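Just below is one structure, and these are the notes that go with it.
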């Protein structure tokens, strides 16, 4: 093996090692909204400000219907692919520090898909509850959303999705009822007979289309109004 080849291999490993270190240093992607958070008082009214915490479903919602957010003083803080432990790590920066009146939490489907490793339904539930408790401890009203229906995950077809979604949604519903928190039930309004997300609402069975978001919007508005009146 030539010295040049050995040196090349070492350089490749050093470069990839640095890339992985950089990714690990910002696993929750705190940088994603750092600049926007710094400007939030200039872009959003302080009164009745609402943050939507979530994953690609929330991020895609802002891209699909930006007017829904701007006209209602809503702030989208979704990051594609994220799981509940990542959201929990950025919850202070992307929710609490923005001083909203309320937060809408939509999370859990990527955990079931195993995006950041295997997790139990109880662990997913606990992380969502932890976000809710952090919000309430800081005087923020909480709306916990059901996980949207998904008959399967195109990127993880071997993963069983329906049973875990149903179980976690049931746990979240009972938790909300016991704590007096508003439960936002997208699932019941959007699921088909297979407990999946039908083509009329989704392009891949997981992510809503514009038509899907149009179903979600009045449900979200009603839930937020109810929470703010509490």
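In this note's numbering, the protein residues as written are 9 to 238. Idealized CB from N, CA, C, for every residue including glycine. Just so we're clear, the structure is a prediction, and the values are computed from it rather than from any experiment.
Look at residue 120 here: in three-state DSSP terms it is helix. Around the C-beta of residue 119, 16 or more other C-beta atoms lie within 10 Å, and the residue is accordingly described as buried. If the five residues before and after residue 37 are omitted, its C-beta is found closer than 6 Å to the C-beta atoms of 87, all from its own chain and listed in chain order.
For residue 233, the uninterrupted alpha helix (DSSP H) run begins and ends at 218-237, by DSSP. Using a 10 angstroms sphere on the CB of residue 71, the tally of other CB atoms stays under 16, which defines it as exposed. By the criterion of a C-beta distance shorter than 7 Å, residue 208 is surrounded in its chain by 219, once the five residues flanking it on both sides are discounted.
Under the three-state reduction of DSSP output, residue 96 falls in the helix class.
Of the residues assessed, residue 69 falls on the buried side of the cut-off, its CB having 16 or more other CB atoms within 10 angstroms. Nearest to residue 42 by C-alpha distance, out of 84, 199, 78, 179, is 84. With distances taken between CA atoms, residue 146 lies nearest to 109 out of 109, 81, 74, 53. Scanning 236, 123, 137 for the CA closest to the CA of residue 186 turns up 137. Residue 76: not part of any beta strand (DSSP E); member of the alpha helix (DSSP H) spanning 74-79, first to last residue.
Under the DSSP definition of a beta bridge, residue 161 partners with 164. From the listed residues 116, 47, 57, 90, the smallest Cα separation to residue 158 is found for 116. Under DSSP, residue 58 shares a beta bridge with 82, 110.
Under the DSSP assignment, residue 150 falls in the beta strand (DSSP E) whose first and last residues are 149-153. Under the three-state reduction of DSSP, residue 137 is assigned to helix. With respect to the 8 Å criterion, residue 156 and residue 95 are not classified as neighbours on the basis of their beta carbons.
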